[in-house]
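These notes concern the structure reproduced below.
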Amino acid sequence: MNIRTERTSDIATISNLHYAAFKDHPQHPPGAQPVEHIIVERLRACGDLTLSLVAEEDGVVTGHIAISPATVGDNASNWFLLGPVGVLPHRQGHGIGSALVREAADRMRKRGAAGIVLVGDPGFYSRLGFNNYAGLTYAGVPPQYVLAVQLGDTAPCGDIVAHAAFSPDAV
2 MNIRTERTSD IATISNLHYA AFKDHPQHPP GAQPVEHIIV ERLRACGDLT LSLVAEEDGV
62 VTGHIAISPA TVGDNASNWF LLGPVGVLPH RQGHGIGSAL VREAADRMRK RGAAGIVLVG
122 DPGFYSRLGF NNYAGLTYAG VPPQYVLAVQ LGDTAPCGDI VAHAAFSPDA V
């Protein structure tokens, strides 16, 4: 597997990948269409796709991860939100998502990021270094699903405010 920065030629593939990865996903109401591909497109269009990595296997893009700016509490600088991360359905469970998360965190650490926050499955993300932090919240999300990895000196605390692309009204 090769993990690399997205190329312009990957954009349609990334969109199709996220649609397939999240179609009929249990986090969506039955029959609802996925929106994750739209979130990535909006982040890219706004110039706020801080990091966009793809996983390739034998020249085929099988996974993608997006990182975008976020505000955490009173700290509007140097915090980032992980997501969406998607893997083609027939390749899920083969370590591609984990490899993308690890690589994204490593690259953000090297860039001097204070940390990365996300909303996700604690069973999956805790294996990758993400934890719950007291006082870290995301509106409408149960606290056990609000996770972060601290990359700098300051622990995350307060409300997470994601890019407007994540707003239900935006998608």
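Following the numbering used here, the numbering of the sequence shown begins with 2 at its first residue and continues without gaps. Glycine residues also receive a C-beta, built at the ideal position from the N, C-alpha and C atoms. This one's a predicted model, so the numbers in the text were calculated from it and none came from an experiment.
| Check | Outcome |
| --- | --- |
| Residue closest to A166, alpha-carbon to alpha-carbon, out of A106, Q151, R112, I68 | I68 |
| Expected contact under 8 Å - CB spacing of P90 and A22 to nearest Å | 6 Å |
| Integer Cβ distance of L129 from R108, believed to fall under 8 Å | Between R108 and L129 the Cβ distance is about 14 Å, and since that is not below 8 Å, they are no contact. |
| Cβ of N132 within 9 Å of any chain B Cβ | Here there is only one protein chain, and chain B is not present. |
| Contact check, Y126 vs L137, beta carbons under 9 Å | no |
| Inter-stretch contact at 8 Å, needing at least 3 Cβ pairs: the stretch 149-161 / the stretch 39-55 | no |
| Own chain, CB closer than 8 Å to A71, minus 5 neighbours either side, in chain order | W80, F81, L82, V118, I161, V162, A163, H164 |
| DSSP bridge partner residues for R5 (one or two, in chain order) | V55 |
| Exposure of G60, with buried meaning 16 or more beta-carbon neighbours within 10 Å | exposed |
| Buried versus exposed call for A115 [16 or more other C-beta atoms within 10 Å across all chains shown] | buried |
| Coarse secondary structure for Q93, derived from DSSP in three states | coil |
| Nearest-angstrom beta carbon gap, R5 and V55 [assumed within contact, 8 Å] | 6 Å |
| Y139 beta carbon less than 9 Å from that of V150 | no |
| Local Cβ density within 10 Å of P31, reported as buried at 16 or more and exposed below that | exposed |
| As assigned by DSSP and simplified to three states, the class of A156 | coil |
| Rounded separation between G64 and G153 - CA only | 27 Å |
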